[in-house]
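So the sequences go chain by chain: A and Y.
When the letters of the first sequence are read in order and numbered with our numbering, they come out as residues 1 to 495.
When the letters of the second sequence are read in order and numbered with our numbering, they come out as residues 496 to 938.
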Amino acid sequence: MTTQHKSKSLSWKKKFRDKLIEIIGATGVISSDDELIAYECDALTGYRIKPIFVVLPKTTEEVSAVIKECHHENIPFVPRGAGTGLSGGALPTEEGIVISLSRMTKILDVDIPNQRVVVEPGVVNISVTNAVSSSGYYYAPDPSSQIVCTIGGNVAENSGGVHCLKYGVTTNHVLGLEMVLPDGEIIEVGGKTLDHPGYDLTGLVVGSEGLLGIVTKVTLKIIKKPEAVKTLLASFDHIEDAGDSVSGITARGVIPAGMEIMDSFCIRAVEEAVGAGYPIDAGAILLVELDGPTAEVQAQLPIVEEVLKENNAIQIKVAKDAKERELFWKGRKSAFPAMGRISPDYYVQDGVIPRSKLAEVLREIEELSKKYGLRVANVFHAGDGNLHPLVLYDSSKEGDLDKTLELAGEILQVCVDKGGSITGEHGVGHDKKRFLSLMFDENDLDTMNLLRCAFDTKGLCNPGKLFPTPRTCVEPGMKPFKEHPVQKAGLGEMY
Amino acid sequence: MLKKKIVNNLLRIVGEKNALTEEAKLKSFSVENVQPGIVLFPNEIEQVSEIMKLASKESISVIPWGSGTKSALGNLPESVDVVISTKNLDLIIEHGASDLVATTQCGITLKKFQSALNKERQFLAIDPPHVGRKATVGGIIATNDSGPERFRYGTLREFLIGLKVVRADGSIFKGGSKVVKNVAGYDLPKLYVGSLGTLGIIVEATFRLYPVPEYSETYIVGFSTLEDAHNTVSTLLKSDLVITSLEILNPELVGSLTKRNDLDLIDDLYTLAIGIKNVEKAVKDQISTLKMICNQNGGKGKLIIGAQEEQLWEDIRDFPWELFKAERVVCKASVVVTQIPQVLTTLKRLSDEYGIKTYISARAGNGILIISIKGKLSSIIDSLNSLRSFVSSIGGHLILQEAPPEIKARVQVWGDFGSGLGIMKKIKLNFDPNNLLNPGRYI
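Right, here's the structure in full:
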């Protein structure tokens, strides 16, 4: 339940601040207005709320002590990693605090023979791979923000990346957690070993968007780097052909490590921005990456090339070395920032559709784009049907933002109508909570609430996110009141 | 004993021909020798919902039942009033071959489901035991059962992307979605994998699928010492080989397997069974490399393909239930991969010390050991408790998968649930406030 707060008095705030300083030290508590501004939002910059304070704990015990204090004072708190989230998951609440995990940056254990790495939540995603790379291993989930985003944030959102098709997402690589519950209790779930007895709390917490508690340690699985990698860049006149190629490849029994599509808007913007060597006048490009044992990749390559040709690929390039491979990917990974070249603002969505419906959904997006008079650039993880339509607008133009949000909503409705999802990797957060009911009915949302209430009865942990409307926690086990016959007869009282 | 009125109401929900009430027929649906009052075979999800509504109102216990192949898993039941069988809920709802996704009702047997998926050269990448005994998809999800191929593909938590469940109060909800990439809402499918029917009855499930590999070969190789076998495993794990199954079989198990079929294995040695599935060229290339690595460590092996290969893996998956038909004691130890030799050595020591026989297949790349024990009751009890002590001391855990009640009385089935137990209990309380579903068996 989102607790209603009256504006806190100055003297209360001073007392609370003193308590926090007692726990963390003065350098760990941010209270000045100009410093707080940096924490007003994450990468979804359209919504901003200033928190009362921001705290930066360095240990699990500090996180626990802060949360206990919040629990005691009924102050809501919002966890924050690097603030790269695109759904407003780290948006502060009114009269609440932000607990930033950015000072918990230790890699605690690197266990190569058992393929496990244990990290604090503030560790940057790419640092995990960097720590094991020289031994021939890597950490597979690779969101495009991986040089900045933190593992804690990845856990909260169940982040994906460009290689999820074959390697899965964050939840497939997290084996255990230490976390602080919303009442301050510290628990450990899962661990280095598999098949722990009990419910899969690790699996529940990953992707829970910071609503079930704050994660303070993560046990990750690392995997061996593949023996061979082959990256292809194919260009097409029509984006539908690129989509059909994707279906064709999986139909032939090939699961590439990744398949990415970009439309002509994106191609042009990206070429202007980073010059990746994409054909400027193509209707679409498709990146296919194969990896695995050499013989397997060698067998898959001709199959993929055949499918691409069958689907009218104008040109097919195979990266001849690591440098060229990096260049192919540079363009794709710069897609969002490159939008700045062709539009003052953009709003990215994160819908998912069954792969087989790609062509028809793209047509519907084009219709919607015309209807609203706003350009929509398309870049997506074609392999797993995760679209990132980029609605291009100008915030200085009156009404543009509203139109954008409406258009984005319609795109999500299309995705759900086709049997997909409103979010494949960015999370619901603040941004998409109004759309959660497109996918889930009252029974479904009540069930999710039962889960949340097992962790957070007071509703102080990242409230106002995920759920469209606040839900209370009913006392479990409460049976409807039945009068005892003795009471009924007026002969006794029940205590 | 179920009140006559309740029985009549239950019969009204499913129809008399979809229920069993006679003594003689009820016996085979017993849970740890506790016979239910009635067995129901609903043929619509709505009926399951109606049954649970009635169960909630009347506070009667409910045991969800697929084919009952794993009904021995869990503590002794507190109560067994009604068994709900999912047998009639066996329709495949949808197979999106070009999306590599399929949705099915959960009473379907894994065998039938795989057959249907195979028609498009796809499959659900799970190879648990009991498939021949008609294990159902729902039961496999509820018990999180798995087999040797988990090394390559992972377990059900990796492929279950959506589900529909009837909760204890009869409400029906869905979690997850029908697309592989989805982070909307909590990941409720993860909650239900391995939940042993204690949080609801899983009636429908959506899975991500894989293409059926084109070709396979298995190399089976014996080593003079456990150390040699383990060194080989370490080398294999560090190599570029993409292996599908990697099992260490202890000498007792090898001896039994040899007796059961004409594999002509080398007895009395720690043996590796290594399966590789891929396109033919990739399989043959990798087997070649594999042989070299094994030879370097003194291994003596042979190639097994075709029907023999299939039989070998079926034997490895099902040995605890095929070797012994009664008085089974089966447990599963979980440690990190590098600790497997320690567990094997400890088991050898316990065998000598207590005069028991242990048959072991270890998932060498996952740290999981499946152990079948034979011996005197008191010896088994002591050695299990000793084993659990040891495994816990090195950060692992031990679970009893099957054992007679006399052993369950003296050896904990689940061991330590850890510091998350408080939350698990709250979840159970929220989802099943009257403790109707499989009461007492798990959380």
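Heads up, the beta-carbon is just placed ideally off N, CA and C, and yes, glycines get one too.
Do valine 54 (chain A) and valine 110 (chain A) count as a contact pair if the criterion is CB distance below 8 Å?
Taking the first residue of the first sequence as 1, we reach residue 110 (chain A) at position 110. Taking the first residue of the first sequence as 1, we reach residue 54 (chain A) at position 54. In this structure, valine 54 (chain A) does not lie closer than 8 Å to valine 110 (chain A) by Cβ.
Under DSSP, the alpha helix (DSSP H) around alanine 542 (chain Y) begins and ends at which residues?
Indexing the second sequence from 1 puts residue 542 (chain Y) at position 47. The residue asked about is misnamed: residue 542 (chain Y) is glutamine in this sequence, not alanine. Note, glutamine 542 (chain Y): alpha helix (DSSP H), 540-553.
Ignoring anything shorter than 3 residues or poking outside the stretch 847-900 of chain Y, list the beta strand (DSSP E) runs there in chain order.
852-858, 863-869 and 892-897
When the Cα of isoleucine 546 (chain Y) is compared with those of Y:Leu515, Y:Leu505, Y:Thr564 and Y:Leu521, which residue comes out closest?
Numbered from 1 along the second sequence, position 51 holds the residue referred to as residue 546 (chain Y). The shortest Cα separation from isoleucine 546 (chain Y) among Y:Leu515, Y:Leu505, Y:Thr564 and Y:Leu521 belongs to Y:Leu505.
Out of A:Val348, A:Gly89 and A:Pro226, which has the shortest C-alpha to C-alpha gap to serine 135 (chain A)?
Your numbering for residue 135 (chain A) matches position 135 in the first sequence. The residue with the shortest Cα to Cα distance from serine 135 (chain A) is A:Pro226.
Could you confirm whether any beta carbon from chain Y is found closer than 8 Å to the beta carbon of isoleucine 255 (chain A)?
Counting from one through the first sequence, the residue named residue 255 (chain A) turns up at place 255. For isoleucine 255 (chain A), the answer is yes, since a Cβ of chain Y falls inside 8 Å of its Cβ.
Starting from the C-beta of glutamate 722 (chain Y), find all residues in its chain whose C-beta is less than 8 Å away, skip the five residues before and the five after it, and write them out in chain order.
Reading the second sequence from its first residue, position 227 is the one you call residue 722 (chain Y). Listed in chain order, the non-local C-beta contacts of glutamate 722 (chain Y) below 8 Å within the same chain comprise Pro836, local neighbours out to five positions each way being set aside.
How is the alpha helix (DSSP H) around glutamine 609 (chain Y) delimited, first residue to last?
Counting from one through the second sequence, the residue named residue 609 (chain Y) turns up at place 114. For glutamine 609 (chain Y), the enclosing alpha helix (DSSP H) stretches over residues 605-613.
Please determine, among Y:Asn538, Y:Arg616 and Y:Ile587, the residue with the shortest C-alpha to C-alpha distance to lysine 607 (chain Y).
As a working note, residue 607 (chain Y) is residue 112 in the second sequence. The shortest Cα separation from lysine 607 (chain Y) among Y:Asn538, Y:Arg616 and Y:Ile587 belongs to Y:Ile587.
Using a Cβ-Cβ cutoff of less than 8 Å, which residues in the same chain neighbour serine 761 (chain Y) once the five nearest sequence positions on both sides are dropped?
Indexing the second sequence from 1 puts residue 761 (chain Y) at position 266. A quick correction: the sequence has isoleucine, not serine, at residue 761 (chain Y). If we look at isoleucine 761 (chain Y) and ignore the five residues flanking it on each side, its Cβ neighbours are Gly717, Val749 and Lys795.
Can you check DSSP and say which residues form a bridge with threonine 231 (chain A)?
As a first step, residue 231 (chain A) must be located in the first sequence, where it is residue number 231. Note: threonine 231 (chain A) sits in a beta bridge opposite A:Glu289.
Given that a residue counts as buried once 16 or more other Cβ atoms are within 10 Å of its Cβ, and exposed if not, what is glutamine 315 (chain A)?
Locating residue 315 (chain A) in the first sequence gives position 315, where the first residue counts as 1. By the neighbour-count rule (16 or more Cβ atoms within 10 Å), glutamine 315 (chain A) is not buried but exposed.
Decide if glycine 890 (chain Y) is buried, meaning its Cβ has at least 16 other Cβ atoms within 10 Å, or exposed.
For the purposes of this step, residue 890 (chain Y) is identified with residue 395 of the second sequence, where counting begins at 1. It is exposed - the Cβ of glycine 890 (chain Y) has fewer than 16 other Cβ atoms within 10 Å.
Residues of the stretch 769-781 of chain Y in Cβ contact with chain A at a cutoff of 7 Å, in chain order, please.
Listed by position, the residues of the stretch 769-781 of chain Y near chain A (Cβ gap below 7 Å) are Asn773, Val774, Lys776, Ala777, Asp780 and Gln781.
Out of Y:Lys786, Y:Lys614 and Y:Asp576, which has the shortest C-alpha to C-alpha gap to valine 529 (chain Y)?
The sequence position of residue 529 (chain Y) within the second sequence is 34, counting from 1. Cα-wise, what sits closest to valine 529 (chain Y) is Y:Asp576.
Tell me the DSSP secondary structure of tryptophan 560 (chain Y) in three-state form.
Here residue 560 (chain Y) refers to the residue found at position 65 of the second sequence. It is a strand residue.
Under DSSP, the beta strand (DSSP E) around tyrosine 393 (chain A) begins and ends at which residues?
Taking the first residue of the first sequence as 1, we reach residue 393 (chain A) at position 393. Here the beta strand (DSSP E) through tyrosine 393 (chain A) covers 386-393.
Under 8 Å between C-beta atoms, does histidine 196 (chain A) make it to chain Y?
As a first step, residue 196 (chain A) is located in the first sequence; it is residue number 196 there, counting from the start. Judged by the 8 Å Cβ criterion, histidine 196 (chain A) is in contact with chain Y.
With DSSP as the reference, label proline 463 (chain A) as helix, strand or coil.
Here residue 463 (chain A) is taken as the residue at index 463 of the first sequence, counted from 1. In the three-state reduction of the DSSP assignment, proline 463 (chain A) falls in the coil class.
Is it buried or exposed for alanine 276 (chain A), if we count other Cβ within 10 angstroms and need 16 for buried?
For the purposes of this step, residue 276 (chain A) is taken as the residue at position 276 of the first sequence. Buried: at least 16 other Cβ atoms inside 10 Å.
Within the stretch 304-362 of chain A, note down every full beta strand (DSSP E) run reaching 3 residues or more, in order along the chain.
315-318 and 345-348
Based on the DSSP secondary-structure assignment, which residues constitute the bridge partners of alanine 768 (chain Y)?
Your numbering for residue 768 (chain Y) matches position 273 in the second sequence. Alanine 768 (chain Y) pairs with Y:Ile715 and Y:Glu742.
Please classify lysine 482 (chain A) as buried or exposed, where buried requires at least 16 neighbouring CB atoms within 10 angstroms.
Residue 482 (chain A) sits at position 482 when you count from the first residue of the first sequence. Reliability of the predicted coordinates at lysine 482 (chain A) is poor, the pLDDT of 46 falling under 50, and no value is obtained from them.
Which one of A:Asn158, A:Pro182 and A:Val169 has the shortest CA to CA distance from valine 206 (chain A)?
For the purposes of this step, residue 206 (chain A) is identified with residue 206 of the first sequence, where counting begins at 1. Among A:Asn158, A:Pro182 and A:Val169, the Cα nearest to that of valine 206 (chain A) belongs to A:Asn158.
Along chain A, in chain order, which residues have C-beta atoms closer than 8 Å to that of threonine 833 (chain Y)?
Translated into positions along the second sequence, residue 833 (chain Y) becomes position 338. Result: Pro113 and Asn114.
Does the beta carbon of proline 706 (chain Y) sit closer than 8 Å to a beta carbon anywhere in chain A?
Residue 706 (chain Y) sits at position 211 when you count from the first residue of the second sequence. Yes, proline 706 (chain Y) counts as interfacial toward chain A.
Suppose you measure from the CA of valine 132 (chain A) to the CA of glycine 191 (chain A); what does that come to, to the nearest Å?
Here residue 132 (chain A) corresponds to residue number 132 of the first sequence, with the count starting at 1. Here residue 191 (chain A) corresponds to residue number 191 of the first sequence, with the count starting at 1. Between valine 132 (chain A) and glycine 191 (chain A), the C-alpha separation is close to 19 Å.
For chain Y, find out if any of its Cβ atoms is closer than 8 Å to the Cβ of aspartate 33 (chain A); answer yes or no.
Position 33 of the first sequence, counted from the first residue, corresponds to residue 33 (chain A). No, no contact with chain Y.
Can you tell which of Y:Ile811, Y:Asp847 and Y:Ser711 has the C-alpha that lies nearest to the C-alpha of glutamine 781 (chain Y)?
As a working note, residue 781 (chain Y) is residue 286 in the second sequence. Comparing Cα-Cα distances from glutamine 781 (chain Y) to each of Y:Ile811, Y:Asp847 and Y:Ser711, the minimum goes to Y:Ser711.
Measure the alpha-carbon distance for alanine 140 (chain A) versus valine 737 (chain Y) and round it to whole angstroms.
Here residue 140 (chain A) refers to the residue found at position 140 of the first sequence. Here residue 737 (chain Y) refers to the residue found at position 242 of the second sequence. One C-alpha to the other measures close to 16 Å.
Tell me the residue span of the beta strand (DSSP E) that contains phenylalanine 646 (chain Y).
Numbered from 1 along the second sequence, position 151 holds the residue referred to as residue 646 (chain Y). It is not in any beta strand (DSSP E) - phenylalanine 646 (chain Y) instead sits in the alpha helix (DSSP H) that spans 645-648.
With a threshold of 7 Å on Cβ separation, who are the neighbours of histidine 163 (chain A) within its own chain once the five nearest residues in sequence on each side are excluded?
By 1-based counting over the first sequence, the position of residue 163 (chain A) is 163. Within the same chain, histidine 163 (chain A) has close Cβ partners Ala140, Asp142, Ala257 and Gly258.
Which class does glycine 591 (chain Y) belong to by DSSP, given the choice of helix, strand or coil?
Start at 1 with the first residue of the second sequence, and residue 591 (chain Y) comes out as number 96. Strand at glycine 591 (chain Y).
Could you check whether asparagine 154 (chain A) and threonine 170 (chain A) sit closer than 8 Å to each other, using their CB atoms as the reference points?
Position 170 of the first sequence holds residue 170 (chain A). Position 154 of the first sequence holds residue 154 (chain A). The answer is yes: Cβ separation under 8 Å.
On the DSSP letters alone, give me the boundaries of the beta strand (DSSP E) that alanine 828 (chain Y) sits inside.
For this step, residue 828 (chain Y) is matched to residue 333 along the second sequence. Element bounds for alanine 828 (chain Y): 825-829.
Quick one: give me the first and last residue of the beta strand (DSSP E) that proline 79 (chain A) is part of.
In the first sequence, the residue the question calls residue 79 (chain A) occupies position 79. Where proline 79 (chain A) is concerned, the enclosing beta strand (DSSP E) stretches over 77-80.
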